[in-house]
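A.B. asks:
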Amino acid sequence: MAERNAEHSEDACRKVDVGITRVFELFGKRWTGPIVSVLMQRAVHFAELRRAIPGISERMLSDRLTELAAAGLVVREVDDGPPLRVAYRLTEAGQAMEPALKELRMWSESYLREPPPEGRCGGNC
């Protein structure tokens with residue numbers, strides 16, 4: 231019994247997995263998941279990416295893409311044009327997330343309830 235208590239000490243409970251913390255610091259931000267999901271399919275120009283994600287502003291999209299690039303998951307490529315266009319694609323590290331994201335998608339389909347349709351929550355959402 232003492233051995234079991236040693237495993238579940240207060241200090242052990244306070245430790246948080248550093249890797250998981252880093253992942254959710256990036257992927258826990260609104261819009262990051264949908265952006266990566268679109269880029270998982272192919273490289274996309276900025277305007278196409280914005281159209282693919284309803285509700286995201288240009289500023290927010292730009293900010294999230296900058297964060298993903300700084301993390302080494304996305305590359306920004308300038309097409310000389312004319313017109314001058316910017317495309318984004320996942321790096322090898324970004325593409326390596328695909329199996330984990332597929333698992334999360336399957337988990338969500340099994341365990342997360344669907345949100346009620348808009349206007350159907352009776353003000354309790």
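Mapping the sequence shown onto the working numbering, position 23 (from 1) lands on 253, and the numbers just tick up by one. Think of the CB as a built atom: it goes at the ideal place given N, C-alpha and C, for glycine as much as any other residue.
1) How many angstroms separate the CA atom of residue 266 from the CA atom of residue 247?
2) Ends of the alpha helix (DSSP H) at residue 344?
3) Return the Cβ separation of residue 335 and residue 269 in integer angstroms, given the expectation that the two are a contact with Cβ distance under 8 angstroms.
4) Indicate whether the contact test is met: 3 or more Cβ pairs, each with one atom in the stretch 269–283 and one in the stretch 305–318, closer than 8 angstroms.
5) Using the C-alpha atoms, what's the distance from residue 338 back to residue 344?
C.D. replies: Per the coordinate set shown:
1) 23 angstroms
2) No alpha helix (DSSP H) holds residue 344; DSSP gives it neither H nor E.
3) Contact doesn't hold; Cβ gap of about 15 angstroms is too wide.
4) yes
5) 9 angstroms
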